[in-house]
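Step one of this worksheet: look at the structure below.
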Amino acid sequence: MKFTEYDKAIMIGLILGDGYISPKGRINVTHCEQQKEYIEYKAKLLHSVTGGKDINIYMINKISTYKKGNKIISQKEVVNYSFKRQSKDFIQFRELLYPSNRKTITKKVLNLLNPLAIALWWMDDGCLIVKYTYLNGRRVKCGYTLRFYTYLTKEENELIQQYFIDKYDMNWNVVKADNAKDSTQWMLRCGVHEGRKFLAIIRDIILTKVPSMSYKVLNI
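For the sequence shown, the residue numbers in this note's numbering are 1053 to 1272.
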């Protein structure tokens, strides 16, 4: 299989965030019930690269249990949607993104990005947070924060930061990750001024291709 630069960007975008690729070249993507439209779009993108049979999206039903100590507090049914596709031709992307069996960002990876790949990454790992304050006893909107939950090392986030400065004249702040598992996990954050620049890169793609994810690209 021969990959164009556009194909490569799609593959990177599918794997960067919530996607996973095994050492044997099997791509697995799973999303919650509320993001069914999104996973359907991802399946179409991957099929546009590989051709062949349509990609089958299957439903996964699980019981989610919340415990406190040994006591079950609540249980509820959770519905997810998933798909997978495997090819030996995908192994090159595993080697590119998992050089040490850990998802790793390098300049080579970043140079394969395009706005579509960035949009996929943002829909997976990005969050646009509305900030509020209280005025005369009323809760009012006072701003926005963009948070990119990369959970990568500080050095990798600095590479991403520099990529956006060089490519789009847009600057993220590199900060310690929220709810980090350990001290190696960092993330990106910015306010309204830089956030407008970032959202301008991806807004039209998301609004036209995956309108159910429009909450990720509000006008700010």
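For each residue, glycine too, the CB sits at the ideal point set by N, CA and C.
By a C-beta neighbour count over all protein chains shown, 10 Å radius and 16 as the cutoff for buried, is residue i buried or exposed?
i: Thr1202; result: buried
i: Asn1209; result: buried
i: His1083; result: buried
i: Gly1065; result: buried
i: Asp1176; result: buried
Helix, strand or coil: which one does DSSP assign to residue i?
i: Phe1135; result: strand
i: Asp1224; result: Note on residue identity: the sequence assigns Trp, not Asp, to residue 1224. Trp1224: coil per DSSP, three-state reduction.
i: Thr1056; result: coil
i: Ile1115; result: strand
i: Gln1282; result: Any property of residue 1282 remains undetermined from this structure, which presents the chain solely from 1053 to 1272.
Between which residues of its own chain and residue i is the CB-CB distance below 6 Å, once the five residues before and five after are set aside?
i: Ser1266; result: Leu1259
i: Phe1250; result: Met1222
i: Ala1229; result: Tyr1203, Gln1237, Trp1238 and Met1239
i: Gln1213; result: Trp1224 and Val1226
i: Ile1125; result: Tyr1118
Counting along the chain, where does the beta strand (DSSP E) carrying residue i start and finish?
i: Val1283; result: Any property of residue 1283 remains undetermined from this structure, which presents the chain solely from 1053 to 1272.
i: Thr1197; result: Arg1190 to Leu1204
Given residue i, which residues of its chain have a CB within under 7 Å of its CB, disregarding the five upstream and five downstream residues?
i: Asn1257; result: For the sequence presented, residue 1257 should be read as Ile rather than Asn. Taken in chain order, the residues that qualify are Pro1167, Leu1168 and Ala1171.
Specify, as a first and last residue, the run of the alpha helix (DSSP H) that residue i falls within.
i: Gly1255; result: One point to set straight first is that residue 1255 is Arg, not Gly, in the sequence displayed. Run containing Arg1255: Val1244 to Lys1261, per the alpha helix (DSSP H) assignment.
Q.
For the stretch 1146-1162 against the stretch 1172-1186, do three or more pairs of beta-carbon atoms, one drawn from each stretch, fall closer than 8 Å, so that the two count as touching?
A. As far as the Cβ criterion goes, the stretch 1146-1162 does not touch the stretch 1172-1186, which means the pair count is below three.
Q: Could you say if the stretch 1108-1117 and the stretch 1073-1080 meet the contact criterion of at least three C-beta pairs nearer than 8 Å?
A: Cβ pair count under 8 Å is below three, so no.
(Q) Closer than 8 Å is the cut-off here; do at least three beta carbon pairs connect the stretch 1224-1234 with the stretch 1135-1142? (A) The stretch 1224-1234, when compared against the stretch 1135-1142, does not touch it at the 8 Å Cβ threshold.
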